[in-house]
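Scroll down for the structure; my scribbles are underneath it.
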Amino acid sequence: MKNTEYENERSLVEQSWDRCIAWGLDHDFEPTPPAPGAAQVEELERQYHELLASTEAEVLPYYRNVLSSSRCLILLANRHATVLKSWGDERITGAQLKPWFQQGSNWQEERCGTNAIGTAIAANKAVQIQRNEHFLKLNRSMIGSAAPIFDAHKQLVGVLSVFSDAYLPQAHTLGVVRLLAQSVDNRLLKRQFERDHFLLTLSTTADNFDSPWSGILICDDLGRVVASNQRADQLLSKTTVGVRLDDLFTTHRNHILGHPPQSALQLSTKNRVRLSAKVQRPTVVQVKSPSEDDLVARQTKATQTNSADFSTLEYGDATVRRCAEQSLKVLERGVPVLITGETGVGKEVLVKALHQATQRREQALVAVNCAAIPPELVESELFGYEAGAFTGARAQGSLGFIRKAHKGILFLDEIGEMPLSAQSRLLRVLQERVVTPVGATDSIAVDILLITATNRAPALHVESGQLRADLYYRINGLCVELPALRDRTDKQKLVQHIYSQYRDPVQSEALSPRILAALTNHPWPGNIRQLVNVVRVAVAIADGEDLQIWHLPADFLAQLDSTATGNLSDAVTSATGESGSEATFGELKKAAPEPFGHTLQVYQKCMGNISSAARELSISRNTLYKRLRELGVR
């Protein structure tokens, strides 16, 4: 693949040299740089204000944090190769080249020969021009990398380039300029449409929405795509502009556009590609005519006026809803919340829902797993540190998690695992609302809302000496306990919802009574986290077929079999609401007399293959069918 990319780049250079020869350029030619007046420069800044503002917002932070230590110069040019702005180290250029990096200079191939900016425009793609690949000898003291910038209609509007005189890792430099150009593309797209359109961000994983390589679809209230970035077209394998969401995904557009903002949504494309998505609603509510889609309008209005949307938390369980509603009320008043519950019950899901429901939804939610940080690093990671505070510290120091959460919410998971020395410093932060970085003498004011969590009873941590009593009473403003999955009253709907998130588009929308009964009656020692994994494994093994008992993992069936109680009809009635429906696999095995119990084991082992199971049991296929009918399996 890399060899192919290299060959393509060299082909671009060869084509550029051919154009230069056709224009009559000579290698020794030294063009005269243009000398634009102040009025011309001012007009350029006015005309390209939006492009300049978007590029500066993306380039400056990256330059300061990553490229400032490198000898490089960044140029922004318009689609005519005229330089609009430069950032970086101008010392890389000699006296002869310096005028070419000023505002108003022009890098068209007809004038300057093969070069990063001009060739990127001519080829309409990212290029890297090495020293001796420049057509003019004048430019062979530097290396240039450039990538085009496209507007909402995928039309070229500018070029971003990085020039260097040093032998830096050039593949990395080309990657950087591509990344920055894509970031500018996305910012231009969002700035143009975010006021009155839906923004649907697409990613292959739910934790990567902020990446410049995420796909972006801009949709109107009817679910029609009015603009998109190139990455979205790549992810969906088609040109998306003008297409409705219903024609792209298996999920109805009303459900997509009505999904809670900033909460991840699992989607499947029509060609069975799984993607994670996040919806951003219009920042300005538009008055729409009665002829438009009233259902979408009502859903949008309801979601905007009811910020406490806990639809991702519960599907009818009163205990979970009460935990969420009480937590929101006290958190909005600055009272800390302590969440308890077994591992995997959804504590972090509750925290994310609370964050989106508070007035601080636009500020940071900083989640810290206290058990995952090495004890010797907890204080520096939480409270930050000054430059050179200790061996191995970053040269610029660190803000620390607490200061990163300023004006937002700090979530400390597994608080009982925090070292006692860090607990005493945390107590001072909570009491005085100031933080002192490691190695510093001055304190810095912080404004945070605090949520903590633990999977053990907090009192046990206090009794064992793991948690300071004074810190416990400081963080325990309101203590809520999320119920285990086995105790929830909305298990069936929760199971069905999780299945709908991960099922293949060709699979049935609803689980069969047998599978639903098996999943509902399982003890679930790993709670919702285990449920999600079991469903994902079963869907993967089924590979497009409707889920059957033999698609469920063996360890899941073993746990179910060891705890199943009661008779068959009672268990199935609770899952289906009908008398005489099919029972779960574990209950069938438990209730069935030999040889039926062994028959079920072999049947599951053979994944429902009648011939294989009959052969292993040394019975005829008809006998096996008879036994399975008596058990209610077939």
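Taking the numbering used here, the leading residue of the sequence shown gets 24, the next gets one more, and so forth.
Ideal placement from N, C-alpha and C gives every residue a C-beta, glycine not left out.
Residues that DSSP places opposite residue i in a beta bridge
i           : result
residue 502 : 361
residue 150 : 169
residue 129 : 105
residue 239 : 224
residue 299 : 226 and 289
residue 251 : 240
residue 267 : 247
residue 421 : 408
residue 52  : Per DSSP, none; premise fails for residue 52.
residue 95  : 187
residue 461 : 408
residue 111 : 96
Within 7 angstroms, strictly: CB atoms of residue i and residue j
i           : j           : result
residue 151 : residue 168 : yes
residue 443 : residue 494 : no
residue 402 : residue 445 : yes
residue 558 : residue 525 : yes
residue 247 : residue 267 : yes
residue 67  : residue 107 : yes
residue 82  : residue 110 : yes
residue 149 : residue 35  : no
residue 128 : residue 56  : yes
residue 439 : residue 383 : no
residue 429 : residue 470 : yes
residue 335 : residue 291 : no
residue 519 : residue 569 : no
residue 95  : residue 187 : yes
residue 462 : residue 409 : yes
residue 625 : residue 640 : yes
Alpha helix (DSSP H) segment containing residue i, residue limits
i           : result
residue 134 : 132-135
residue 160 : Run containing residue 160: none; DSSP gives neither H nor E here.
residue 475 : First-last for residue 475: 472-477, but that is the beta strand (DSSP E), not the alpha helix (DSSP H).
residue 280 : 276-280
residue 523 : 514-525
residue 447 : 443-455
residue 338 : No alpha helix (DSSP H) holds residue 338; DSSP gives it neither H nor E.
residue 370 : 370-380
residue 57  : Counting along the chain, residue 57 falls outside any alpha helix (DSSP H), and DSSP gives it neither H nor E.
residue 85  : 72-85
residue 550 : 550-565
residue 638 : 633-640
residue 538 : 536-543
residue 483 : 481-486
Neighbour-count burial assignment, residue i, 16 or more Cβ in a 10 Å radius
i           : result
residue 621 : exposed
residue 476 : buried
residue 604 : Confidence in residue 604 is poor, its pLDDT being 42 and thus under 50, which makes the residue's placement too unreliable to answer from.
residue 484 : buried
residue 358 : exposed
residue 609 : For residue 609, the predicted model reports a pLDDT of 48, less than 50, meaning its position is unreliable; a value from the coordinates is still stated below. Burial call: buried.
residue 436 : buried
residue 396 : buried
residue 630 : exposed
residue 481 : buried
residue 601 : Only weak support is given to the placement of residue 601: the predicted model assigns it a pLDDT of 44, under 50, and the value that follows is read from those uncertain coordinates. Classification for residue 601: exposed.
residue 171 : buried
residue 488 : exposed
residue 80  : exposed
residue 144 : buried
residue 37  : exposed
Whole-Å CB distance - residue i paired with residue j, under 8 angstroms assumed
i           : j           : result
residue 549 : residue 367 : 5 angstroms
residue 284 : residue 303 : 6 angstroms
residue 458 : residue 497 : 15 angstroms between Cβ atoms; not a contact.
residue 543 : residue 339 : Not quite, the Cβ-Cβ distance comes to about 14 angstroms (not below 8 angstroms), so this is no contact.
residue 490 : residue 434 : Not confirmed; about 17 angstroms, so no contact.
residue 460 : residue 500 : With a Cβ gap of about 26 angstroms, residue 460 and residue 500 do not count as contacting.
residue 225 : residue 300 : 5 angstroms
residue 506 : residue 342 : 5 angstroms
residue 39  : residue 132 : 6 angstroms
residue 215 : residue 255 : Their Cβ separation, rounded to whole angstroms, is 15 angstroms, which puts residue 215 and residue 255 out of contact at 8 angstroms.
residue 69  : residue 180 : Contact doesn't hold; Cβ gap of about 15 angstroms is too wide.
residue 541 : residue 575 : 7 angstroms
residue 212 : residue 239 : 6 angstroms
Element boundaries [beta strand (DSSP E), containing residue i]
i           : result
residue 432 : 432-436
residue 183 : 179-187
residue 529 : Careful: residue 529 lies outside any beta strand (DSSP E) and carries neither H nor E.
residue 392 : 388-392
Closer than 6 angstroms: residue i CB and nearest the ligand ADP heavy atom
i           : result
residue 173 : Inclusion of the ligand ADP in the displayed structure is not the case, the ligand content being empty and no account of it being possible.
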